[in-house]
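Under this note's numbering, think of the first position of the sequence shown as 8, with each following residue one higher. Every residue gets a Cβ at the ideal spot worked out from N, C-alpha and C, and that includes glycine. Take a look at the structure set out below.
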Amino acid sequence: MLNLEPIKDRLASCEAVLAAYLLGSAARGELRASSDIDIALLPQPGQKISGMQLFDLAGELNLISPRPVDLGVLSSSDLIYASQVLQTGRRFFCRDETAAEFRECTLIGMIQDYRIEMREIYEAYSAR
């Protein structure tokens, strides 16, 4: 079984992180010997996690984790990734449940709008 406590403890000390989601084989409970740990980070409202912060945090997590850690950021800048995280991920760390649920609902609304827009574009293109 995967022990996430050291990772949760480190994330708790990173004020920019509101919540974290386990993805992939780790979320499904299907880790293999070669599996890494995929984690999506949800930033606090009004904050961003820079590439350098992500790189530094990934390095620190790789030092304390028994498996390699791969980090991503859950945000509106990549709604396809956000959709995957919210549909298949498992939240394992959360600083504020209400704030995280509000951010998740906001992203879900944006994802739905994006899907509608993309369908309209596809249908218009296909009608040609």
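Nearest CA to the CA of A106: which residue from L11, Q54, L38, I123?
Measuring from the Cα of A106, the nearest candidate turns out to be Q54.
With L68 and R17 assumed to form a contact (beta carbons below 8 Å), what rounded beta-carbon distance in angstroms separates them?
6 Å
Could you have a look at L81 and say whether DSSP puts it in helix, strand or coil?
coil
Near S72, which residues of its chain fall below 8 Å by C-beta distance, leaving aside the five closest residues on each side in sequence?
P13, I14, I44
Under the three-state reduction of DSSP, which class applies to A19: helix, strand or coil?
helix
Could you pull the start and end residues of the alpha helix (DSSP H) that D43 belongs to?
Segment: none, D43 is in no alpha helix (DSSP H) and carries neither H nor E.
Can you tell me whether I128 is buried or exposed, with buried defined as 16 or more other CB within 10 angstroms of its CB?
exposed
Of all the options S84, R102, E111, which has the alpha carbon lying nearest to the alpha carbon of G96?
E111
When the Cα atoms are used, what is the spatial distance from F62 to R102?
21 Å
Identify whether A134 lies in helix, strand or coil by the three-state DSSP scheme.
coil
Is R74 helix, strand or coil by DSSP?
coil
Identify the residues that DSSP records as bridge partners of C101: which are they?
BP columns for C101 point to A26.
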